[in-house]
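A quick write-up on the structure given underneath.
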Amino acid sequence: MSRLGKLPVAIPDKVTVNVAADAITVTGPKGELSTLTSSDVIVSITDGKVWVKPADDSQRSRAMWGTVRANVKNLVEGVTNGYKKQLDINGVGYRAAAQGQILTLALGFSHEIKYIIPAGITVTVEKQTTVHLSGADKQKLGQVAAEIRKLRAPEPYKGKGIKYSTETIRRKEGKKK
Numbered sequence: 129m130s131r132l133g134k135l136p137v138a139i140p141d142k143v144t145v146n147v148a149a150d151a152i153t154v155t156g157p158k159g160e161l162s163t164l165t166s167s168d169v170i171v172s173i174t175d176g177k178v179w180v181k182p183a184d185d186s187q188r189s190r191a192m193w194g195t196v197r198a199n200v201k202n203l204v205e206g207v208t209n210g211y212k213k214q215l216d217i218n219g220v221g222y223r224a225a226a227q228g229q230i231l232t233l234a235l236g237f238s239h240e241i242k243y244i245i246p247a248g249i250t251v252t253v254e255k256q257t258t259v260h261l262s263g264a265d266k267q268k269l270g271q272v273a274a275e276i277r278k279l280r281a282p283e284p285y286k287g288k289g290i291k292y293s294t295e296t297i298r299r300k301e302g303k304k305k
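Numbered by my numbering, the letters in the sequence shown go through residues 129 to 305 in order.
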């Protein structure tokens, strides 16, 4: 029995949810998002809440129950408030600059890296070492942040690289004489 799947997802004002046979579309102030649903669950809207129920008692239905409910909650939260991630850049000469939908990164390589930000994600560079990402789609935002971090992941000896602002780097001790 899914503990999260049992809970309904409240639909706030200014948000509309449309349930089709195999997809759910959520429209709100921050845009429109949709996700595919499995035939193993039944999604219904009653009294301004989205309810997710398993279609039968199979293992797959029970597994998809909480997953689909979490996806619907993320869609509603995304079109209502949006999501944010912050990346910190550590290292001598490491910096970032944003021009439109292009993020230019100097990460100690012989050349600058130009990363094209996909539609639906906004990037702002507050300082040269802090990158703020925001968007309505939680999955796309996390994917973009992970791709940017992967360009120069933080190393454990000096902590140089790109890291999430909430991430802590486990530091290693250097060589001993």
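Glycine included, each C-beta is placed from N, C-alpha and C at the ideal position.
Counting Cβ pairs closer than 8 Å, one from the stretch 261–276 and one from the stretch 199–217, do we hit at least three?
yes
Could you have a look at R131 and say whether DSSP puts it in helix, strand or coil?
coil
Do V251 and I245 have their CB atoms nearer than 7 Å?
yes
Expected contact under 8 Å - CB spacing of G133 and R197 to nearest Å
5 Å
Rounded C-beta distance between Q256 and A224? I'm assuming under 8 Å.
6 Å
Coil, strand or helix - L164 by DSSP
L164 sits in a strand when the DSSP states are folded into three classes.
Between which residues of its own chain and T153 is the CB-CB distance below 6 Å, once the five residues before and five after are set aside?
N146 and S162
R223, DSSP secondary structure in three states:
Three-state DSSP puts R223 in a strand.
Just list the beta strand (DSSP E) runs in the stretch 248–289, keeping only unbroken ones of 3 residues or longer that don't cross its boundaries, in chain order.
Scanning the stretch 248–289 for uninterrupted beta strand (DSSP E) segments of 3 residues or longer gives 249–253 and 258–263, listed from N- to C-terminal end.
Quick check: what's the CA-CA separation for S238 versus G159?
Their backbone Cα atoms lie some 39 Å apart in a straight line.
I'd like to know if the stretch 188–206 and the stretch 161–176 are in contact, where contact means that at least 3 CB-CB pairs between them fall below 8 Å.
yes
Hey, how far is the Cα of K291 from the Cα of D185?
43 Å
Who pairs with A138 in a beta bridge, going by DSSP?
K177
With DSSP collapsed to three states, give me the class of V145.
strand
Quick one: Cα of E205 to Cα of W193, how far?
19 Å
Three-state class that DSSP yields for K212 in the structure shown:
strand
For L233, which of helix, strand or coil comes out of DSSP?
Strand.
Below 7 Å CB to CB, which residues in the same chain sit around I173 once its five sequence neighbours on both sides are set aside?
V145 and V147
Tell me which residue opens and which closes the beta strand (DSSP E) that I244 is part of.
I241 to I244
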